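Heads up, the thing below is written out as structure tokens.
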Amino acid sequence: MLNQPPYLSLFVYNQKPKPGEADFETWKYEVECLQREGGFIKEILTSLVKRSLRSEAGEIVRHLGVNASIIQEIAEKLETLYGTVESGSTLLQQVYTRSGQNCCSVWAKAST
Numbered sequence: 001m002l003n004q005p006p007y008l009s010l011f012v013y014n015q016k017p018k019p020g021e022a023d024f025e026t027w028k029y030e031v032e033c034l035q036r037e038g039g040f041i042k043e044i045l046t047s048l049v050k051r052s053l054r055s056e057a058g059e060i061v062r063h064l065g066v067n068a069s070i071i072q073e074i075a076e077k078l079e080t081l082y083g084t085v086e087s088g089s090t091l092l093q094q095v096y097t098r099s100g101q102n103c104c105s106v107w108a109k110a111s112t
């Protein structure tokens, strides 16, 4: 058991986190590190995770109910809302690639 209480940044969905706050990916990383370190009672760690959520994220977890005691369940729910699916540049590249393929296939059919 560790002598020092664990620390977890606050997660507030915001484009520019303030001091003491973290973006979702950083917050998730901190949670995963705490889980891997061990030495914490599961209920205390779950409580810490719930208390680190502010604003909209806190409301979402509150709606999961008091039985939402599995950190994985909380993290998965937040991942669906705040997690990075693809970077902006990757999404643009996919759009250009797909639109280019469609354009080229139309020209190929028209020339035959």
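The sequence shown begins at 1 in full-length UniProt numbering and counts up by one.
Note that CB positions come from ideal geometry on N, CA and C, so glycine has one too.
Here the structure is a predicted model, which is why all the values come from computation and not from measurement.
Per DSSP, cross-strand counterpart(s) of residue i
i, result
"residue 126", "Since the first residue shown for the chain is 1 and the last is 112, residue 126 is missing from the structure and cannot be characterised."
"Leu53", "Phe11"
C-beta atoms of residue i and residue j nearer than 7 Å
i, j, result
"Ala75", "Phe11", "no"
"Ser52", "Leu81", "no"
"Pro6", "Phe40", "yes"
"residue 147", "Ile71", "Since the first residue shown for the chain is 1 and the last is 112, residue 147 is missing from the structure and cannot be characterised."
Of the listed residues the options, nearest to residue i (C-alpha basis)
i, options, result
"Glu32", "Glu21, Gly20, Thr46", "Thr46"
"Lys28", "His63, Ser55, Thr84", "Thr84"
"Asp23", "Leu92, Tyr96, Leu78", "Leu78"
8 Å Cβ shell around residue i - same chain, five flanking residues per side excluded
i, result
"Leu34", "Pro6, Leu8, Phe40, Leu45, Leu48"
"Glu73", "Leu64"
"Gly20", "Ser9, Leu10"
Nonlocal neighbours in the same chain, by C-beta distance under 7 Å from residue i, ignoring five residues either side
i, result
"Ser55", "Val12, Tyr13"
Sequence-distant residues of the same chain with beta carbon closer than 6 Å to residue i, five excluded per side
i, result
"Glu43", "none"
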